[in-house]
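These notes concern the structure reproduced below.
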DNA sequence: ACATTATATTCGGAATTAGGAATATGATAT
DNA sequence: ATATCATATTCCTAATTCCGAATATAATGT
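Structure follows, in structure tokens:
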């Protein structure tokens with residue numbers, strides 16, 4: 330007895346598609362890729378204001394698409410489900426668009442976070458100034 | 330030199346996802362399945378008003394997702410791209426929903442269209458009353 | 001304690017969208 | 001020509017979403 334179309338299943342699919350579809354959210358998902366990214370990072374890469382990025386991340390997180398991990402000042406976001414890339418690939422194909430990258434995002438523009446400036450972060454080489 | 334993320338590619342993917350995401354449109358896409366359906370049909374199956382169905386069909390058609398074929402009074406709609414079902418399957422999986430059928434939709438509720446009442450439509454058995 | 005940096009949240013008005021009512025169009029039948 | 005049925009379209013407003021500004025919180029440094 331396989332489950333058939335229930336309104337709640339439809340609603341969940343609808344919600345998923347709605348929540349990822351705004352262009353800035355697609356940009357964020359692609360920027361995160363298979364890696365992780367902090368807010369300042371996405372701010373630097375994508376050029377949106379911090380509060381705006383944060384809002385979009387919240388929406389994606391509440392939808393269960395992103396997980397976050399705090400590391401000191403930084404809050405790193407990553408995809409909660411891998412299937413998202415297949416979905417985007419599929420959508421791109423239908424839309425006749427080639428746009429999907431799934432690398433962990435080597436960042437051209439930089440912020441001060443550990444990922445952008447690894448030499449200066451969490452490093453045992455940097456001694457406390459006590 | 331493979332094409333990279335252009336804003337227009339992103340925009341197309343965004344538009345695609347947006348246009349299919351409303352629940353009534355998902356219902357319509359699933360109801361059409363791999364077959365075709367006229368408006369009165371979808372009206373009967375889904376219970377939305379005619380004008381509303383028509384509006385949603387227009388939106389999907391303008392987005393290039395549906396083709397239509399006129400047959401007398403009836404206007405039959407079918408999916409313009411097959412990939413749509415893979416997309417929906419994918420979305421359902423991520424949303425932890427099982428809902429996708431891709432049969433040509435055997436209709437429980439009926440309207441007077443050739444597909445619902447095949448015995449009375451276009452049939453050589455029904456002679457004109459001249 | 002105070003400053004600074006990273007991030008989150010709240011508020012509100014502008015812009016957009018949803019969807020109902022009414023009506024128009026197009027095909028067929030009489 | 002008129003009626004009827006299937007479908008499309010226009011109009012309008014309530015509801016929603018977008019996104020900026022301002023502010024709050026949380027961690028770290030000095």
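Residue numbers (our numbering), protein chains in the order written: chain A, 330 to 459; chain B, 330 to 459.
Idealized CB from N, CA, C, for every residue including glycine.
Asked, Found
"Amino acids of chain A, ordered along the chain, whose beta-carbon sits closer than 7 angstroms to that of residue 349 of chain B", "346"
"Secondary structure of residue 425 of chain A, DSSP reduced to three states", "coil"
"Paired residues, beta bridge with residue 403 of chain A - DSSP", "A:400"
"Unbroken stretches of the beta strand (DSSP E), 3 residues or longer, contained in the segment 333-417 of chain B", "365-367, 395-400, 403-408"
"Whole-number beta carbon distance between residue 425 of chain B and residue 339 of chain A, since they are thought to touch under 8 angstroms", "Not really, about 13 angstroms apart at Cβ, beyond 8 angstroms."
"Closer than 9 angstroms to chain A by CB, residue 385 of chain B", "no"
"Partner residues on chain B for residue 424 of chain A, Cβ-Cβ distance less than 7 angstroms", "341, 342, 345"
"Within 9 angstroms, strictly: CB atoms of residue 386 of chain B and residue 397 of chain B", "yes"
"CA-to-CA distance, residue 348 of chain A to residue 344 of chain B, given in whole angstroms", "13 angstroms"
"Separation of residue 390 of chain B from residue 322 of chain A, as counted between CA atoms", "Not covered by the structure: residue 322 of chain A. The range shown for chain A is 330 to 459."
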